[in-house]
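Each remark here refers to the structure printed beneath this line.
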Amino acid sequence: MSDPFLGLAMLMLIVVVIIMGFPTAFTLMGLGMVFGFYAFYNPAEHWIDNRVFDLMVQRTYGAMTNDVLISIPLFVLMGYVMERGALVDKMFYSIQLSFRRLPASLAVATLIVCTFWGIASGLVGAVVVLMGVIAMNPMLRAGYDVKLASGVITAGGTLGILIPPSVMIIVYAAVAGQSVVKLYAATMLPGFFLSFLYLAYILGWAAINPKIAPSLPEEQTRVPVASWMRSLQTAYSPNMLAGLFRALVSPAKALALETGEGRVTYWRLVNNFGAALVPFSLTAVTLALVWWYAVIHPQASAEAEAPEGLEQLGAPAADAGPAVVNGPTTAFYVSFGIAAALAAVVLIRYYRNMGAERLQVMKLLVSSVMPLAILTVVVLAVILFGITTATESAAVGSAGAFLLAFQARTLNWKRTKEAVFLTAKTTAMVCWLFVGSALFSAVFAILGGQALIEQWVLALDLTPVQFMILSQAIIFLLGWPLEWTEIIIIFVPIFLPMLRHFDIDPVLWGVLVFVNLQAAFLSPPVAMSAYYLKGVSPPHVTLNQIFAGMMPYMLIVILCMIIMYLWPGMTLWLPEYLYG
Numbered sequence: 011m012s013d014p015f016l017g018l019a020m021l022m023l024i025v026v027v028i029i030m031g032f033p034t035a036f037t038l039m040g041l042g043m044v045f046g047f048y049a050f051y052n053p054a055e056h057w058i059d060n061r062v063f064d065l066m067v068q069r070t071y072g073a074m075t076n077d078v079l080i081s082i083p084l085f086v087l088m089g090y091v092m093e094r095g096a097l098v099d100k101m102f103y104s105i106q107l108s109f110r111r112l113p114a115s116l117a118v119a120t121l122i123v124c125t126f127w128g129i130a131s132g133l134v135g136a137v138v139v140l141m142g143v144i145a146m147n148p149m150l151r152a153g154y155d156v157k158l159a160s161g162v163i164t165a166g167g168t169l170g171i172l173i174p175p176s177v178m179i180i181v182y183a184a185v186a187g188q189s190v191v192k193l194y195a196a197t198m199l200p201g202f203f204l205s206f207l208y209l210a211y212i213l214g215w216a217a218i219n220p221k222i223a224p225s226l227p228e229e230q231t232r233v234p235v236a237s238w239m240r241s242l243q244t245a246y247s248p249n250m251l252a253g254l255f256r257a258l259v260s261p262a263k264a265l266a267l268e269t270g271e272g273r274v275t276y277w278r279l280v281n282n283f284g285a286a287l288v289p290f291s292l293t294a295v296t297l298a299l300v301w302w303y304a305v306i307h308p309q310a311s312a313e314a315e316a317p318e319g320l321e322q323l324g325a326p327a328a329d330a331g332p333a334v335v336n337g338p339t340t341a342f343y344v345s346f347g348i349a350a351a352l353a354a355v356v357l358i359r360y361y362r363n364m365g366a367e368r369l370q371v372m373k374l375l376v377s378s379v380m381p382l383a384i385l386t387v388v389v390l391a392v393i394l395f396g397i398t399t400a401t402e403s404a405a406v407g408s409a410g411a412f413l414l415a416f417q418a419r420t421l422n423w424k425r426t427k428e429a430v431f432l433t434a435k436t437t438a439m440v441c442w443l444f445v446g447s448a449l450f451s452a453v454f455a456i457l458g459g460q461a462l463i464e465q466w467v468l469a470l471d472l473t474p475v476q477f478m479i480l481s482q483a484i485i486f487l488l489g490w491p492l493e494w495t496e497i498i499i500i501f502v503p504i505f506l507p508m509l510r511h512f513d514i515d516p517v518l519w520g521v522l523v524f525v526n527l528q529a530a531f532l533s534p535p536v537a538m539s540a541y542y543l544k545g546v547s548p549p550h551v552t553l554n555q556i557f558a559g560m561m562p563y564m565l566i567v568i569l570c571m572i573i574m575y576l577w578p579g580m581t582l583w584l585p586e587y588l589y590g
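In the working numbering, the protein residues as written are 11 to 590.
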């Protein structure tokens with residue numbers, strides 16, 4: 011039985027019921043069962059033979075057998091293990107020392123850690139709460155404006171659902187039938203670009219009004235340098251790289267230096283010299299990998315795949331000539347050369363002024379940031395370059411998270427049980443959401459609600475730009491009362507069938523939705539980031555102050571969306587380059 015207006019009533023009712031606080035998954039299933047029973051009702055059949063029960067079983071089985079969803083519990087486990095393992099405290103300290111000379115250095119360090127930690131964990135609530143505990147009080151004690159401190163934590167904490175690996179991207183891929191790998195590649199540049207816009211806003215505001223972020227006192231910016239490093243500079247060279255190199259060649263004077271744990275050992279000199287070479291090593295490895303992927307790898311693949319020609323028996327061998335390889339263009343070689351030259355200039359300037367403070371900061375970064383950075387890069391690289399599937403990469407990330415936590419000796423049996431329990435809870439929520447969403451959307455389509463909305467939109471005779479603005483505006487407004495899960499699972503499927511009519515790439519549209527949904531965590535009254543932060547903030551910090559701090563970032567989100575639409579290459583270039 012078809013009744014389109016009953017379908018629209020069903021859609022409006024789900025919004026009202028969710029706002030009232032009922033569980034989303036079971037509300038979807040309940041409304042789907044009630045309205046589905048009406049849609050399939052046949053007076054000639056017994057009520058127990060109503061086909062809505064068959065539909066419920068089919069949709070449940072479909073969610074259980076969806077391969078895309080397998081990676082969700084593994085990525086969630088990776089995030090919870092890192093969060094429970096308390097691996098971020100030392101990272102915040104080392105990054106804050108690295109940027110101590112910038113205006114609003116604590117806010118800058120908070121944003122960088124939020125971005126980095128969000129990539130590693132993908133958990134908005136965990137990142138906001140953790141950074142609220144670590145960074146909120148130091149910023150307030152330093153005299154930072156409450157709106158600046160609360161805004162950078164709430165906005166930075168939401169980046170975890172945008173930059174891969176993100177559960178939201180996986181959910182959209184399952185709903186839209188798109189490739190998780192392509193969506194991961196498409197969200198990389200927009201995610202970091204949005205983070206850059208946040209950073210530019212913080213630095214600009216602090217430069218215009220220095221009172222909102224006073225300079226830190228000397229004791230908070232002093233780098234703790236060991237006495238033996240000062241003695242090494244006196245004995246060999248003020249430049250630590252040159253001094254350590256000379257100490258390795260002629261170690262007699264260095265081995266006579268005293269530390270708090272005894273004399274300096276040759277192994278300690280090797281470790282410090284290795285830490286000093288980390289920037290050079292990272293730059294060289296990055297340039298080498300880019301050169302291999304763009305130049306060497308295509309040539310090797312072309313030679314391996316070149317088919318051998320068929321020749322008549324007894325005929326002389328024919329020279330097929332060199333294989334044609336579509337290598338990089340001249341623009342690549344020019345860009346690569348410029349990038350290598352700039353990297354060389356930066357490294358020369360960096361090492362020319364390498365004192366004991368700079369080496370100590372590098373050692374702190376190596377010990378706190380490098381392990382997590384390597385794990386994150388490996389997890390993303392094996393996905394983007396097609397080495398593993400998203401599920402296999404998630405398994406690698408989970409195992410790596412356990413290893414990092416065990417190495418840091420911060421993960422005990424109690425915290426492990428908590429991480430596993432929270433993972434099971436989150437996974438169950440996502441699976442039930444998919445079951446409820448699949449049932450709800452099927453009944454909505456059967457009642458004719460989907461067809462009615464499509465007819466209404468097509469009757470407006472919109473251009474693709476107008477449809478893009480309309481759809482994103484609706485999703486932006488829905489973000490005020492609803493969370494991203496309800497929007498992705500309930501409302502996004504309504505727009506997806508219309509993308510083909512307007513010739514809009516579902517990958518581009520999806521990434522715009524991801525950026526748009528950043529506002530869902532920053533928009534009252536259901537601004538969950540604000541409530542997360544309020545729970546760990548000092549009593550004098552009010553919700554209104556937190557809301558006021560978040561509002562400028564909503565405008566930045568809109569600006570980012572406009573730039574993305576005007577320049578779609580920022581979103582589509584990487585997936586097209588990697589996968590064609």
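Backbone N, C-alpha and C fix where the C-beta goes; we use that ideal spot for every residue, glycine too.
Counting along the chain, residue 573 sits inside the alpha helix (DSSP H) bounded by residues 553-576. Note on geometry: alpha-carbon atoms of residue 432 and residue 425 lie some 10 Å from one another. Taking residue 557 as the centre and dropping the five residues before and after it, the same chain places the C-beta of 534, 537 and 540 closer than 8 Å to its C-beta, in chain order. Apart from sequence neighbours up to five positions away, the residues of its chain that approach residue 279 with a beta-carbon distance below 7 Å are 254, 257, 258, 261 and 264, ordered along the chain. When the beta-carbon positions are compared, residue 520 and residue 194 stay at least 8 Å from each other. Checking the DSSP bridge columns, you'll see residue 273 partnered with 268.
Exposed is the label assigned to residue 579, since fewer than 16 other Cβ atoms lie within 10 Å of its Cβ. Rounded to the nearest whole angstrom, the CA to CA distance from residue 456 to residue 49 is 7 Å. Of the candidates 267, 186, 238 and 99, the residue whose Cα lies closest to the Cα of residue 517 is 186. In terms of Cα proximity to residue 164, the closest of 211, 135 and 148 is 135. Runs of the alpha helix (DSSP H) lying entirely within the segment 474-532, each at least 4 residues long, are 474-488, 502-509 and 516-526 in chain order. With a threshold of 16 other beta carbon atoms within 10 Å, residue 21 meets it and is buried. By the criterion of at least three beta-carbon pairs nearer than 8 Å, the segment 193-212 is in contact with the segment 110-129.
Counting C-beta atoms within 10 angstroms of its own C-beta, residue 215 has 16 or more neighbours from the protein chains shown and is therefore classed as buried. In the DSSP assignment, residue 424 falls within the alpha helix (DSSP H) that extends over 423-456. By the neighbour-count definition (other C-beta atoms within 10 Å, threshold 16), residue 529 is a buried residue. Ranked by Cα distance from residue 85, the options 507, 461 and 409 are led by 409. Taking C-beta atoms under 8 Å as the contact rule, residue 366 and residue 250 qualify, at a distance of about 6 Å. Residue 398 places its beta carbon 8 Å or farther from that of residue 83. Nearest Cα to residue 89 within the set 171, 271 and 228: 171. For residue 301, the enclosing alpha helix (DSSP H) starts and ends at 288-301. Sixteen is the threshold: since fewer than 16 other Cβ atoms of the shown chains lie within 10 Å of the Cβ of residue 276, the residue is exposed. Excluding sequence positions up to five before and after residue 161, its CB lies within less than 7 Å of the CB of 559, 560, 562 and 563, all in the same chain and listed in chain order. Under the three-state reduction of DSSP output, residue 186 falls in the helix class. Under the three-state reduction of DSSP output, residue 167 falls in the helix class. With respect to the 8 Å criterion, residue 526 and residue 485 are classified as neighbours on the basis of their beta carbons.
The three-state reading of DSSP puts residue 49 in helix, counting H, G and I together.
Your pair residue 65 and residue 461 does not check out as a contact, with CB atoms roughly 18 Å apart and the cut at 8 Å. Relative to the Cα of residue 585, the nearest Cα in the group 404, 224 and 192 belongs to 192. A distance below 7 Å between beta-carbons, with the five flanking residues on each side excluded, links residue 448 to the following residues of its chain, in chain order: 69, 72 and 73. Residue 179 places its beta carbon 8 Å or farther from that of residue 496.
Leaving aside the five residues that flank residue 246 on each side, the residues in its chain whose CB is nearer than 6 Å to its CB run, in chain order, 253, 256 and 257.
Along the segment 200-249, the beta strand (DSSP E) does not occur as any fully enclosed run of 3 or more residues.
Annotation for residue 155: 222 place their beta carbon closer than 6 Å to its own, counting only its chain and skipping 5 residues before and after. With fewer than 16 neighbouring CB atoms inside 10 Å of its own CB, residue 344 falls in the exposed class. If you ignore the 5 residues before and after residue 293, its C-beta comes within less than 7 Å of the C-beta of 353 and 357, all in its own chain and listed in chain order.
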